[in-house]
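Input: a single structure, listed below in C-alpha cells.
2 protein chains.
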Amino acid sequence: MHKTLPFLDPLLIVLSLLALWFAVANFNSVKRFLVGRPMRSRELNNNHTKLFWFIALPVLAADLYSSVAYGPEAGITEIAQLGVDVKWLIVPITLATVILLTALIISYIMGVSAYPNGGGAYAIAKDNFRAPWVRLLASSSLMIDYILTVAVSISSGIQQIASAYPILAPHVVGLSIACIIIILLVNLRGVSESASVFAWPTLFFMLCMVFLIGYGFIEGGPHGLVSKYTPPFGVFPKGLTLLLLLKAFSSACSSLTGIETISNSVPIFREPRTRGAIKAYIALGTITGITLIGFSCLLYFQGISVNPNNTMLSQLLGSYFGHSILYQIIIWATFLVLILAANSTFTGFPQLTALMAGDGFLPRSLLVRGDRLGYSNGMLVLAALSALLIEGFRAQTNSLIPLYAIGVFVAFTVAQIGLVKRWLRVRGKMWRLKSFINSFGAVLSAVVAIVFAVTKFTGGAWIVLVVLPLLMFMATKIRKHYTLLADELRINLKEERPIRHHVVTILLLSGLHRVTLNSLSFALSLNSDVIAVYVGFDDESIARIEKRWEEWGNPCRLVTLKSEYRSLIQPVQRFIKFVESREGGRPDHIHIILSQFLPKRHWAQILHNQSSLLLRTWFLWNKDVIITTVPYHLNESEIESEKT
Amino acid sequence: MHKTLPFLDPLLIVLSLLALWFAVANFNSVKRFLVGRPMRSRELNNNHTKLFWFIALPVLAADLYSSVAYGPEAGITEIAQLGVDVKWLIVPITLATVILLTALIISYIMGVSAYPNGGGAYAIAKDNFRAPWVRLLASSSLMIDYILTVAVSISSGIQQIASAYPILAPHVVGLSIACIIIILLVNLRGVSESASVFAWPTLFFMLCMVFLIGYGFIEGGPHGLVSKYTPPFGVFPKGLTLLLLLKAFSSACSSLTGIETISNSVPIFREPRTRGAIKAYIALGTITGITLIGFSCLLYFQGISVNPNNTMLSQLLGSYFGHSILYQIIIWATFLVLILAANSTFTGFPQLTALMAGDGFLPRSLLVRGDRLGYSNGMLVLAALSALLIEGFRAQTNSLIPLYAIGVFVAFTVAQIGLVKRWLRVRGKMWRLKSFINSFGAVLSAVVAIVFAVTKFTGGAWIVLVVLPLLMFMATKIRKHYTLLADELRINLKEERPIRHHVVTILLLSGLHRVTLNSLSFALSLNSDVIAVYVGFDDESIARIEKRWEEWGNPCRLVTLKSEYRSLIQPVQRFIKFVESREGGRPDHIHIILSQFLPKRHWAQILHNQSSLLLRTWFLWNKDVIITTVPYHLNESEIESEKT
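Here's what the structure looks like:
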C-alpha cells in the first residue's frame, strides 16, 4: 500500500464546495477574473498570428509527439504477462507503428495540398460525399477520440508525476480532474493570446527526448548500453499468439493520434502556407519516428518492465540519472507536454462541434461564441465528458487505451477515401499518383481500424462501437427536429396577424400578505377577469382565508380548493381544466400568476418553499397556459439595520 | 493488488445515466413505481403499530447492537502498530466501554421515565433551557452523528462483504453509494409498513453473535480456546502512552452510538410504555455488554490482527469455520444489520430536522411531508451528505471513526444536564437519586466527549469541531431571516388594498415567426401599451427585422438594439432602465414577455437556445420587473406523421 495524504480528498471536496459557493454568489466578478473581459465580435478577425513553419511545428506537435510518453508502454503492456522474453518485442512493435506513421504522413501531405484552408475529416467528407452519414461517421469518431485524447493525455501526465512522487498515487483521479478544470479555464479565456507560448514546452520536451536518446546510446546505463543483463533478443516467448501481437500493435498505435492536427490548421501558417505545412509534416514525422525507435530501443536495452505505479519513462530516467534534478526536469517536461496535448484538443473539439451544429447536427448552442469569442459550450462539454471518463476509469491510462485510436483511424479512412474521390473528380497534376497514395492510406487505415476493433473489443473497444452509432443516430434526429421546426414556425406575414382575445387570469395565493397585495395589484391592472385560487391542506386554513378575504373587501373572486394528498398541482390542474372547458380549450387564453420571494442574499432562497418554481415548470410543460412570475424582492437587511 | 472487475465502474456509470434519463423522461410513473401511491394526510394517524417490548427491542436495537461489528476493531486499530503485544488490550478497552455503556443506560432510563412521549436531546434541551443555543448544540451534534452513522454503518457493512469477496474490494465506494440509494428509496416508500419486518434480521444477528461466542468458548479454535499461540496477556507493549490508550478507548466507544434510539421512540411501545422501554433498555444493555466482552475475548484468544482488507469478524469466523456456509451466513447477517442501522437513521434524522424546521431553525421545506407521509426532503439531505462523506473518505470505516461519536456524546451531555435541571425543578419521587445519576452521566459524557475531541483531533475530529459551530450559526441566521420576513410581509387588511396602475409590456423578439405571433396576440389582448424589442448582433439582422415588421403592418412599437458583445442582457437592461425612469422607477410597472419553445419530447429542449430561461432568471433577481413566459408547444411529431 502507498502512503496516503488522508486529508487531501475531504479537503479537496470542502475547498471545491467553498469555491463553488463563492463562484455562484459572485458569478459576474468571478467570471471576469477567471475568463477575462468580454471581447467585441469584430475582434475575431484580428488574426495577426500567422506563424512561420518552424514555430507552428511545436505549436501543433504536442498532440502527436506527446504520445511518445505512453504509446510504446501501452503496446508492451498487452503482452507483459508472458515474462521477460517479451521485452525485445517493444522494438519491432514500435518499428511497425513508425512505418504506419510514415505512410499516414505521406497521405496527409496530399490532404494538405488539396485543402489549403484546413481540411479536417468532416470538411473532406462533406466536400466529397453527398450522403450525410459519411461525414457523421467521420465527425462522431473524431468527437469520441478528442474526448479520449484529453482523458488519456491527462491521466498519463498525472501518472508520470505520481511515478515521481508515489505519495500522490491515491489521488490521481482528483488531480486529473483538477487539471481538466484548469485547462478549461485557460481555454475559456481564449486561446489566441497563448498559441505561440505553447510552442516552448513542446520544443523543450523534444530536446529532452533527443538528449535522453543521445545520452542512452553514448553513455549507456549502469551496465553499459547493452550489457549481460539485457534480456535476449529474438526469442519468441511461450504463449505468444498472432492475436496478442496484433493487440500489442494496436495499443502501441495510440502513439499515432494527433497526426491530423497540422492538416486541420493549415491557415495558421505564414504564406506560402501549403509549403510550410508540408515542411512541418516532414519534420514532425522524422523527429517522432526517431524518438519512438530510439526510446523503445533504450527501454529494451535497459530491460525496463511494466509497472502500474511507475511509468517506463520514469524507470528509464531513474536507471540513468537516479532521482536527480535531471530526472525531475524531464518528468515535469513530459507532464507539461501531455497537458498541452489535452489543451490542443480544447481548440479542435469545439471547432468540430460548431461545424456540425452549423449543419444542424448538434444543438445550436454549440455555435454561440462566449465572452472571449471561443465556442465555450463545446469546451464545457469536452471537459465534462473527459472528466467522466477519467472518473469512470480511475485515471488509469492503460484501461483507457483500448477505447482510444479506433475513432481516429475511422476518421482517417473516411478522409482518405474522400481525397481519392476528389482526385478522380478534379484530376490535376499527378492525380494518378496522388489517388494511389490515398487509396493505399485508406486501405491501411481501414485495416488498422478493424484490427483495433477486433483485438481490443473485449478490452473496452465495444464501448466505442456502441457509442459511435448512437452519436450518429442522435445527430440525424437532431437535424430532423430542426428541419421540422423551421417548417412549423414559418408564417405568412400578409395573412397571419396578432389577434386580441379574452384572457382569464388566475392568481395563486399562499396567504394574505404583502406579496399577495403586490401580485393582485398587478393582475387587476392588466385584466378585469381575475380569479384568486387558494389550495388548503385542511378545512381550518380554508375557512381562515375565506374569512380574511371578506375582511379585505373581496378584491376579486376567490376559489378555495382542498388537497387531500398535500399536492398543489392536482387541484390547480383540475381547476384549470374547468376554466379551459369554459373558454373552449383555446391556447393562450389562460394566464396564471405566481408570486416568487426573492431574498436579498441568494443563500436565503433555499429557505423558501420552491413550490412556485415547481408549479411553473409543471404547467409550462403540461398545459397550454401562460405563466407570469411576480417577484417580490425582500429587503430584510434594511429592517435589520433599522432595528439595530 | 486486488483483482478488479474492469467494467464494473464504467458500466455502473452508463447504467446510472440510462436510469437517470429514464427516470427524468417518465418521472411520474417511475416515482409511483419506486415510491408507491400517494397517501392521504389523514392516514398519518392510523398508528396501529404499537409494539410489545420484546418486539420493539430488536426494531430499535439495530443502531446500537450493530456497532459491535466495528467498535472493538476500531479501538485496537489505533494501537495496532505497536505489535502483537497489544492484542490483549482489546479486552480491557472493551471492558471500559461496557462500563460506560452501563452508566449511560441507567441515565437514559431516567430520561425515559421523565419523557414518556419520546424525549430526544433536542426536546429535552428545549424543555429545560431557555437559550436556543443549547438545543442547537444538541441538535447540530446529533445531525452530524446521524450522517456519520449512515456513512460508518454502510462502509463497515460493505467492508464485511468485501472481506468475504475480495474481488469487490476496489468497488466499495460505488457499492456503498448504491446501498444508500436503495435505503433512501425504501424510506421514501414509507417506514410504517416495514417497522416490524426490520426486527427479524437484528434478532437473527443477535442469535448469530451469541452462537459465535458460545461456539468460541465451548469448542475453541483449531488450537483450543487459549492455546500456546495466543499472544501473552498483561504485557505492556513498548511505546504505549496514555494518549494512545485514550485514543483507542475513544475509537472503541463508537460502539456506543445508538443508545438514544429507544428513548426517542417510547411512543411505539405498547402500554405501559415506560415500563416496556425500561425493560427493553435493560435487555439491550445486557446483551450488548455480553456480546462486546465475549467477542473481544475471542478476538484476543485467537490472536486476530488488524487487516484493512479483512475485517476482524471475518477473520475470526474464518479461523473457526473456514469459508463455509456458516461463515457466509454470519457475514451476510452482519451486513444486513449494519444496513438496518443506517436505515433506522433515515427515521431519526428527518424527525429531528422537521422539529428544528418547525422552530424556524432550518428551511421550512424539511417540514413538508412527501407522498408517503415521510419527511422526504430530510431523507434526501441525509442520503446526499452521507454519500458525500463515503465518497470523500473512500468508504474506509477506520478513516470515518475519528469523526464519529463526538456528536453523540455532546448531545448526551446536553440531555443529561437538561434532565438534572428538570429534577431540580419538578422534584417528585427520589429526585435526589435521579439528579445524582444524571449528574454523573453528564460529567461522564462530557469527559468522554472532551477525550474524543482531544485524542482524535488531528485524525479528523477537527472537521466536526469546525462544522458544529457553523451549523449552529447557520440555524441562528435562518431563524432570524424567518422572523424578519414575517414582520415585513404582514399587512393591515383594512388599510392596504390592491391598486390598479399603468403597466408597460415589453415583448422580446427572437424573429418573426409563429411563436412571436402567439406571444404578441397575448400581449395585445391584455395591454395596449406594448413595445416589441429586438436585439441584433449585426446591422443586417436589424435591418431585416425592421423591414419585415413593416410588412407585418407594424402591430405595435418596435425598438431594435445592437449588441456588440453578443450579450442579450446588457442592451435589454439598458432599455429597461430607460423605460423605468420614464415610469418613475416604481416596481411592478414593467412587464416583460418572453417566449419559450416547448418541444413534444423533453430531450429536444436542449436543442433550443436557453436564452429565455437565462434572461428570466437574471431579470427576476436583478430588476423589479414582472416576467411572463408564453409557452409555444411544438408538435413536430404530427407534422412528421403527416409527411410520411
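The listed protein sequences correspond, in order, to chains A and B. Mapping of the first sequence onto our numbering: residues 56 to 699, in sequence order. Mapping of the second sequence onto our numbering: residues 56 to 699, in sequence order. By construction, the Cβ of each residue, glycine as well, lies at the ideal position given by its N, Cα and C atoms. What you are looking at is a predicted structure, and each value in this text was computed from that prediction instead of being measured.
Cβ neighbours of residue i in the same chain (closer than 7 Å, five flanking residues each side left out)
| i | result |
| --- | --- |
| S168/B | T329 |
| N183/A | G473, K476, R477 |
| Q471/B | S162, N493, G496, A497, S500 |
| E543/A | none |
Extent of the continuous alpha helix (DSSP H) run through residue i
| i | result |
| --- | --- |
| G332/B | Here the sequence assigns Ala to residue 332/B, which means Gly is not the residue at that position. That run of the alpha helix (DSSP H) goes 328 to 356. |
| E177/A | Note that residue 177/A is Tyr in the sequence shown, not Glu. Here the alpha helix (DSSP H) through Y177/A covers 176 to 183. |
| V481/A | 461 to 481 |
| V392/A | 380 to 413 |
| H536/B | 517 to 544 |
| I164/A | 145 to 169 |
| I273/B | 254 to 273 |
| P127/A | 126 to 132 |
Bounding residues of the beta strand (DSSP E) (the contiguous stretch that carries residue i)
| i | result |
| --- | --- |
| A438/B | Not the beta strand (DSSP E): A438/B falls in the alpha helix (DSSP H), residues 431 to 447. |
| L653/A | 645 to 653 |
| G591/A | 585 to 591 |
| P614/B | In the sequence on display, residue 614/B carries Val and not Pro. Here the beta strand (DSSP E) through V614/B covers 612 to 617. |
| V321/B | First-last for V321/B: undefined, no H or E at that position. |
| L562/A | 559 to 564 |
Cβ pair residue i, residue j closer than 8 Å
| i | j | result |
| --- | --- | --- |
| T341/A | D118/A | no |
| L562/B | L548/A | no |
| L440/A | G212/A | no |
| V685/A | V627/A | no |
| T366/B | Q215/B | yes |
| P256/A | A412/A | no |
| A219/A | I386/A | yes |
| L197/B | A176/B | yes |
| T346/A | V123/A | yes |
| L391/A | F577/A | no |
Residue i at chain B interface by Cβ criterion, 8 Å
| i | result |
| --- | --- |
| F577/A | yes |
| R424/A | yes |
| D679/A | yes |
| R569/A | yes |
| N101/A | Its pLDDT being 49, under 50, N101/A is placed unreliably by the model, and the measurement read from it follows with that caveat. It does not: the Cβ of N101/A has no partner Cβ on chain B nearer than 8 Å. |
| S696/A | With a pLDDT of only 45 at S696/A, under the threshold of 50, the placement of this residue in the model should not be trusted, and no figure is reported. |
| I554/A | yes |
Other residues of its chain near residue i: CB distance less than 8 Å, five sequence neighbours each side excluded
| i | result |
| --- | --- |
| I145/A | P127, G130, I131, S351, L354, Y355 |
| S618/A | V590, G591, F592, Q625, P626 |
| G344/B | V153, L156, T157 |
| N398/A | A117, I238, V241, N242, F253 |
| D584/A | H557, V558, V559, T560 |
| T452/A | Y125, A129, V207, S210, S211, Q214 |
| A151/A | F304, A307 |
| R671/A | L649, I682, T684 |
Beta-carbon proximity list for residue i, same chain, < 6 Å, skipping 5 on both sides
| i | result |
| --- | --- |
| L223/B | A217 |
Any C-beta of chain A under 8 Å from that of residue i
| i | result |
| --- | --- |
| N547/B | no |
| H688/B | yes |
| T684/B | yes |
| W607/B | yes |
| L60/B | A caution first: L60/B carries a pLDDT of 47, below 50, which makes its placement in the model unreliable, though a value can still be read off. Chain A, which has no Cβ nearer than 8 Å to the Cβ of L60/B, makes this no. |
Q. Does the pairing of the region 172 to 182 of chain B with the region 190 to 200 of chain B give three or more beta-carbon distances under 8 Å?
A. yes
Q) Taking contact to mean at least 3 C-beta pairs separated by less than 8 Å, is the region 483 to 492 of chain A in contact with the region 519 to 532 of chain A? A) no
Q) Is it a yes or a no for the region 229 to 237 of chain B touching the region 442 to 459 of chain B, going by three-plus beta-carbon pairs under 8 Å? A) yes
Q) Looking at C-beta atoms only, is the number of pairs between the region 290 to 299 of chain B and the region 369 to 386 of chain B that lie closer than 8 Å three or more? A) no
Q: With 8 Å as the limit, tell me which residues of the region 182 to 201 of chain B have their beta carbon closer than that to any beta carbon of chain C; keep them in chain order.
A: As a matter of chain content, chain C is missing from the structure shown, whose protein chains are A and B.
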